[in-house]
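One structure is given below, encoded as C-alpha cells.
Residue numbers (this note's numbering): 4 to 142.
Here it is as C-alpha cells:
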C-alpha cells in the first residue's frame with residue numbers, strides 16, 4: 004500500500020514539474036481574443052508589439068510591456084481542472100505592483116509553442132464575462 008501511494012505522489016510531482024518546465028522560456032503576445040462566451044461573436048485582434056513574459060526555472064519572472072521592464076515572481080497552481088498562473092511584478096521606472104491571475108492552457112509537451120492567458124480573479128472566476136484570451140507564442 005505504501006508503495007502505491009508513493010508511486011502516485013511521484014507521478015503527481017513529475018506531472019506538475021513538467022507543466023512548469025513547459026512554461027519556462029520567453030513568450031510573446033501575438034493576439035487577443037474577445038467574446039465567444041455567452042454566444043457573442045468571437046473577435047480576434049493581432050498584436051505586433053505585445054507583451055513579452057520570460058519565465059525562469061527559479062520562479063523569477065521578467066515582463067516587458069508598453070516599453071517598460073518589470074521584474075517579479077510567479078507560481079503555477081492547480082485549481083480543480085484549471086492551471087492558474089499567479090504573477091507579481093513591479094516596474095523598474097515606477098513602484099507600482101501588479102498582482103495578477105490567469106487561467107492558462109498549457110500542455111505537458113516540451114514542444115509547447117502556444118499558450119493562452121485568460122484573466123481571472125484570485126478565486127478563479129472569469130474577470131470578463133464576455134470572454135477574453137491573450138495568445139502567446141514561445142520565442
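Ideal Cβ placement from N, Cα and C applies to all residues, glycine included.
Just so you know, these numbers come straight off a predicted model, no measurement behind them.
By Cβ distance below 6 Å, which residues in the same chain neighbour residue i in space, the five residues on each side in sequence not counted?
i          : result
residue 57 : 29 and 65
Does the beta-carbon of residue i have 16 or more other beta-carbons within 10 angstroms, so that it is buried, or is it exposed?
i           : result
residue 131 : exposed
residue 80  : exposed
residue 13  : In this prediction, residue 13 scores a pLDDT of 34, lower than 50, which makes its location untrustworthy; the coordinate-derived value is nonetheless stated afterwards. When all chains shown are included, residue 13 counts as exposed.
Kindly list the residues whose CB is nearer than 7 Å to the CB of residue i, restricted to its own chain and excluding five residues on each side of it in sequence; keep chain order.
i           : result
residue 11  : Residue confidence for residue 11 is low, a pLDDT of 33 falling below 50, so the modelled location carries little weight; the figure read from the coordinates is stated next. So no residue of the chain qualifies.
residue 77  : 58, 62, 64, 88, 89 and 90
residue 107 : 86, 88, 118, 119 and 120
Pick from the options: whose alpha carbon is nearest that of residue i?
i          : options             : result
residue 23 : 69, 74 and 59       : 59
residue 47 : 79, 38, 54 and 55   : 38
residue 33 : 50, 142, 26 and 83  : 50
residue 26 : 73, 72, 125 and 109 : 109
Quick one: give me the first and last residue of the beta strand (DSSP E) that residue i is part of.
i           : result
residue 118 : 117 to 123
residue 129 : No beta strand (DSSP E) contains residue 129, which DSSP labels as neither H nor E.
residue 28  : 28 to 37
residue 51  : That residue, residue 51, is in no beta strand (DSSP E); it is neither H nor E in DSSP.
residue 93  : 85 to 94
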